[in-house]
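One structure is given here, and the rest of the page talks about it.
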Amino acid sequence: MMGKRYFISGILFFLLLCSSCGKTEEKERGKVFSEAVAIYEGETSVLAYAVDKEGNLCTVGLLEETGHYCLFQYDTAQTLQFRYEFDDSFSGVDALAAEGQTVYFTANRMLEDGSVCMSLYTLNLDTGETEVMADYRFYDTVHQMILQDGRLYLLGAREYSVDARRPSGSNGYSFYEDRIIYYQMDEGESYVIGIDRPIHMAFAENGELMVHAYVDGEGYRMLAYDPVQDSIQTVAKFEDYHILEFAVCHDGKDLIYSYNRNSRGLVLARMDGLGSETELCPGNLMGNILDTKLFYRDGEIYLLNRDNNVMRFALEDVYRGNTAIRYISPGYEVDAPYGCGYAMERQELEEDKFVLKVLAQDSDYDLCLIDTIDSSSYNLRKNGVFYPLNDVPGVAEYLERCFPYVKEAATKDDGTVWVLPVAVYMPGLIVQESTVKELGIPLRRDMTWEEFAPMFAAMTPQQRELVSLSRIVCSMLFFQQYFGRYDTVEQEAFRRNVAAFQQFDEDMWLALYQENGRYLFYYTRYMRDYMNDYYKEKYYGKDAKVYSMPKLSSGDANTGTCILLAVNPASDRLQETLDFLADYVAWQMAEEVLPPFFQQPVPPVDSFEAEVYALYQNGEIAFTVDEDVYLEGFYEMLDGKKDVEEYIRGTERKLRIYFGE
């Protein structure tokens with residue numbers, strides 16, 4: 002089977018500015034590289050793989066039709082060279098290494114006494130013959146095997162025969178008597194390396210084996226094992242174990258790794274300072290972030306993609322090597338923009354400290370992220386000072402691709418583009434109309450709060466089990482809608498909606514998805530939930546519809562929030578920051594799957610994608626008013642513990658001050 006060479010805009014994205022000796026050479030943006038990412042498409046999902054010195058790739062996976070393990074060998078052009086199907090006697094093929102026409106692998110085998118152990122094998126690709134090299138009773142599974150200078154290094158554990166130990170506490174890494182050994186091929190003997198709690202290993206270009214491990218009394222460390230001196234030294238200290246799989250590049254100075262939480266995809270950072278990270282591959286193109294099977298050799302990065310195929314690309318094609326752009330945000334944001342190979346020093350601040358820094362025009366940051374759902378966004382839009390983006394290459398075209406209301410949110414009355422929209426969250430209801438009809442729930446599209454609240458209040462407890470929605474979510478959306486129309490609560494419209502909201506109770510909650518696939522409606526707001534094929538298949542169902550959330554009036558636009566990027570005009574790294582924005586814009590517009598706030602060909606009628614498109618098409622962006630102005634006493638009023646008019650009088654005084662009257 003032939004693999005394919007794809008022009009994937011998500012990996013080899015566009016031509017960056019290349020740096021050499023401090024000089025930059027301007028290149029055309031928005032183009033994929035002449036050498037695109039290589040995707041090795043096989044018959045099976047990849048369970049393990051190895052790359053030999055010539056760049057040939059061996060993979061192993063399970064054949065669906067037989068349940069047997071099968072090994073495949075590809076050359077550098079992704080052409081299948083060899084296919085070998087194992088028989089029933091092989092199970093647990095966990096790790097591979099390769100050299101020439103010999104493949105080394107681990108698998109379970111039954112010994113003469115009837116016990117099962119993990120064994121090290123060779124497979125001759127010329128003859129198809131296998132041979133046992135060694136047996137290891139202390140391994141249930143082998144996570145890694147690396148061939149280096151006549152040695153096979155194995156890292157494995159007893160995951161099925163001992164209990165987990167977490168020496169750093171309940172949130173620490175789980176160890177199962179993990180150990181590293183090496184098999185000396187010219188001797189036929191195995192030796193243990195004296196690292197008690199290893200997590201992952203990779204070789205550096207200088208021949209040292211780098212091991213991420215937990216050291217008793219010290220914590221998580223990066224250790225360097227010298228095979229010649231048989232010595233171990235600490236080269237880096239980590240606060241926790243958030244680095245799982247990693248590779249080493251740039252003469253052992255830099256790490257390439259993926260997160261075990263809050264993933265930003267595949268990143269590169271200095272070994273001795275992880276604060277500045279360069280994103281090399283977006284997380285949405287990678288597979289299981291905890292099991293990327295990451296490997297690096299001779300400037301090439303290998304890892305598993307979202308289809309569990311191996312992908313390969315050159316580090317130099319995606320690495321900018323810039324002076325880090327200082328990036329601040331009010332907390333972690335999962336939809337922060339992809340870094341496009343630029344180094345970023347990210348600082349996640351508490352919202353009040355973030356706002357103070359931006360409004361004070363501090364000069365110690367270059368780029369900031371604004372989430373309009375935050376209660377500070379109205380103030381930042383009104384009083385913040387940001388660098389205009391009108392002349393940044395591609396921004397005008399980018400905004401023209403967005404729906405008009407998104408462009409409007411990014412543009413001031415005088416035409417100045419003050420921010421770049423990177424994500425739009427549009428609240429909606431994922432609806433299973435068949436269940437709605439079966440249970441006689443009078444839910445329909447474009448309902449008002451005055452219509453929706455009594456409908457919800459009339460539902461039985463059993464029916465509410467099929468719903469995911471909360472009173473807090475409804476209340477926050479209502480105020481975003483309301484303050485988009487009014488700057489006062491002295492309105493009959495407010496009183497009518499309060500009466501409707503008093504029919505909601507505080508026991509409304511955002512329930513988990515139903516495993517049996519039966520539901521009435523789920524609340525969601527994130528782009529990734531609308532675009533998630535797994536959710537659509539497992540939870541939503543093929544007949545799912547998307548309704549807008551209730552509104553003040555049925556003809557109103559759908560109210561959403563936006564993630565925005567803004568540039569500090571006081572930045573001393575202004576040009577690099579603007580270069581990043583230009584490259585991000587080019588990358589985003591070249592993506593095969595565009596975000597839902599972009600105008601694009603209308604999806605097929607009656608498709609789920611058409612439902613999402615319609616929801617986003619009829620929208621507006623809310624800049625949230627500070628909740629301190631209106632939220633005090635609101636829920637007490639809904640619960641009948643505070644008089645409506647008393648709440649209105651107190652809130653009205655604060656609104657007049659807030660809106661500057």
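In my numbering, the protein residues as written are 2 to 662.
Ideal placement from N, C-alpha and C gives every residue a C-beta, glycine not left out.
Note that the structure is a prediction, hence the values are computed from the model and not measured.
Taking C-alpha positions only, F495 is separated from E646 by approximately 11 Å. Membership of K543 in any alpha helix (DSSP H) is not indicated, and neither H nor E is assigned to it by DSSP. Annotation for A205: M211, V249, G253 place their beta carbon closer than 7 Å to its own, counting only its chain and skipping 5 residues before and after. Distance between G620 and D353, taken at the CA atoms: about 29 Å. The shortest C-alpha to C-alpha distance from D318 to any of I326, Y636, Y343 is the one to Y343. Just so you know, the alpha carbons of G43 and N310 end up roughly 7 Å apart.
Taking the Cα of V568 as reference, the smallest distance to any Cα among G651, N391, T131 is reached at N391. Counted as a single uninterrupted DSSP element, the alpha helix (DSSP H) harbouring I473 occupies residues 472 to 484. Straight across, the Cα-Cα distance linking G56 with D76 is about 7 Å. In this structure R167 is exposed. Its beta-carbon is surrounded by fewer than 16 other beta-carbon atoms within 10 angstroms. In the three-state scheme derived from DSSP, where H, G and I count as helix and E and B as strand, Y548 is classed as strand.
Assigned with DSSP and collapsed to three states, N309 falls in coil, not helix or strand.
Shown here for A237: same chain residues with a beta carbon closer than 6 Å to its own, the five before and five after excluded, namely M223, M272, D273 in chain order. Taking V420 as reference, the option from G173, L81, L368 with the minimal CA-CA separation is L368. Judged by beta-carbon spacing, Y105 lies beyond the 9 Å limit of F91, meaning their Cβ atoms are not closer than that value.
A distance below 8 Å between beta-carbons, with the five flanking residues on each side excluded, links V594 to the following residues of its chain, in chain order: M532. For R650, DSSP records no beta bridge to any residue. In the DSSP assignment, P168 falls outside any alpha helix (DSSP H), carrying neither H nor E. If you draw a straight line from the Cα of Q600 to the Cα of Y483, it is about 27 Å long.
The three-state reading of DSSP puts S435 in helix, counting H, G and I together. Residues of the same chain with a CB within less than 7 Å of the CB of P570, apart from the 5 flanking positions on each side, are V386, F387, Y388 in chain order. With distances taken between CA atoms, L513 lies nearest to Y541 out of Y487, Y541, V94, L112. Around the beta carbon of P462, a 10 Å sphere encloses fewer than 16 other beta carbons of the protein chains shown; the residue is thus reported as exposed. Each residue's CA atom was taken as its position, placing Y406 and R445 some 25 Å apart.
For D255, the three-state secondary structure derived from DSSP is strand. In the structure shown, the three-state DSSP call for Y366 is coil.
Ranking Y215, I244, G195 by CA distance to the CA of D227 puts G195 first.
In terms of CA proximity to L286, V38 leads the group V38, R84, S171, Y174. Counting only residues of its own chain and dropping the five nearest sequence neighbours on each side, Y242 has a CB closer than 6 Å to the CB of Y174, Y221.
DSSP links L267 through a beta bridge to S259, C282. Secondary structure note for M211: its beta strand (DSSP E) is the uninterrupted segment 210 to 216. Around the beta carbon of R321, a 10 Å sphere encloses 16 or more other beta carbons of the protein chains shown; the residue is thus reported as buried.
DSSP, reduced to helix, strand and coil, places N380 within a helical segment of the structure shown. Rounded to whole angstroms, the gap between the alpha carbons of Y297 and Y303 is 6 Å. Contact between the segment 410 to 428 and the segment 447 to 455 is absent, with fewer than three C-beta pairs closer than 8 Å. D627 places its beta carbon 9 Å or farther from that of S277.
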